[in-house]
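Scroll down for the structure; my scribbles are underneath it.
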Amino acid sequence: MIAAAVCAVALVACGGGGGDSSTSSPAAGVQPPTALKIEDQVIGTGAEAATGKTASVRYTGYLFDGSRSDLRGTKFDSNVGTGSLFSFVVNANPLQVISGFNSGVLGMKVGGKRVVTIPPSLGYGASGFSSIPGNATLIFEIELVAVN
330 MIAAAVCAVA
340 LVACGGGGGD
350 SSTSSPAAGV
360 QPPTALKIED
370 QVIGTGAEAA
380 TGKTASVRYT
390 GYLFDGSRSD
400 LRGTKFDSNV
410 GTGSLFSFVV
420 NANPLQVISG
430 FNSGVLGMKV
440 GGKRVVTIPP
450 SLGYGASGFS
460 SIPGNATLIF
470 EIELVAVN
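All residue numbers in the sequence shown are consecutive under this note's numbering, ending with 477.
In structure tokens form, the structure reads like this:
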């Protein structure tokens with residue numbers, strides 16, 4: 330039973346088992362959260378991403394889709410598998426990333442993995458950005474690789 334639960338958690342963390350679940354999923358009609366949502370998948374044990382430190386991460390960003398069981402719609406950006414990390418200064422003034430991403434990484438420890446759901450007010454707002462439409466709720470899968 331524990332093995333089944335671990336497998337289920339692993340599948341959710343990886344975005345499910347593939348296939349299109351957009352029509353008949355348990356999450357059909359789920360409304361996006363209005364506040365930042367942080368879900369730790371793995372608690373890291375290394376250095377902590379704190380104010381003024383440079384965090385280096387692997388990430389994948391998705392548009393929120395309440396009709397899918399994993400809530401992940403269109404993938405809009407990722408550096409996973411590229412061999413390159415994305416680095417930014419945590420709580421820089423001004424911020425170097427959207428507020429929700431900054432807050433989602435703050436306090437993580439190296440080796441940690443999180444799923445961060447960002448409402449539009451902490452993302453790109455009504456204007457959107459590039460392929461991200463206005464008022465989009467975003468989901469990021471983030472792995473903290475290094476802190477300097």
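Idealized CB from N, CA, C, for every residue including glycine.
Helix, strand or coil: how does DSSP classify Ala356 here?
Within the sequence shown, numbered from 1, the residue matching residue 356 stands at position 27. Residue confidence for Ala356 is low, a pLDDT of 43 falling below 50, so the modelled location carries little weight and cannot support an answer.
Just verifying my parser: in three-state terms, what is the DSSP assignment at Val426?
Against the sequence shown, residue 426 aligns to sequence position 97. If DSSP states are grouped into helix, strand and coil, Val426 belongs with coil.
Can you list, in chain order, the residues of its chain with a C-beta nearer than 6 Å to that of Leu414? Leave out the 5 residues immediately preceding and following it.
Working through the sequence shown from its first residue, we reach residue 414 at position 85. These residues qualify, in order along the chain: Ser385, Val474.
Run the CB neighbour count on Thr411, radius 10 Å, all protein chains shown included, and call it buried at 16 or more, exposed below.
Taking the sequence shown and counting its residues from 1, one reaches residue 411 at position 82. Thr411 comes out exposed.
DSSP beta-bridge partners of Asp406
On the sequence shown, residue 406 is found 77 positions in, with the first residue counted as 1. In the DSSP output, where bridge partners are listed per residue, Asp406 has Gly390.
What residues are listed by DSSP as bridge partners for Ile471?
Here residue 471 refers to the residue found at position 142 when the sequence shown is read from its first residue. DSSP, once it has assigned bridges, lists Tyr388, Arg443 as partnering Ile471.
Could you give the DSSP three-state label for Ser416: helix, strand or coil?
What you label residue 416 is simply residue 87 of the sequence shown in a count that begins at 1. In this structure, Ser416 counts as strand in the three-state DSSP scheme.
Residues sharing a beta bridge with Asp369, DSSP
The residue you call residue 369 lines up with position 40 of the sequence shown. Paired residue(s): Arg443.
Those residues which DSSP pairs with Arg397 across a bridge:
The residue given as residue 397 occupies position 68 in the sequence shown. Looking at the DSSP output, Arg397 sits in no beta bridge, so it has no partner there.
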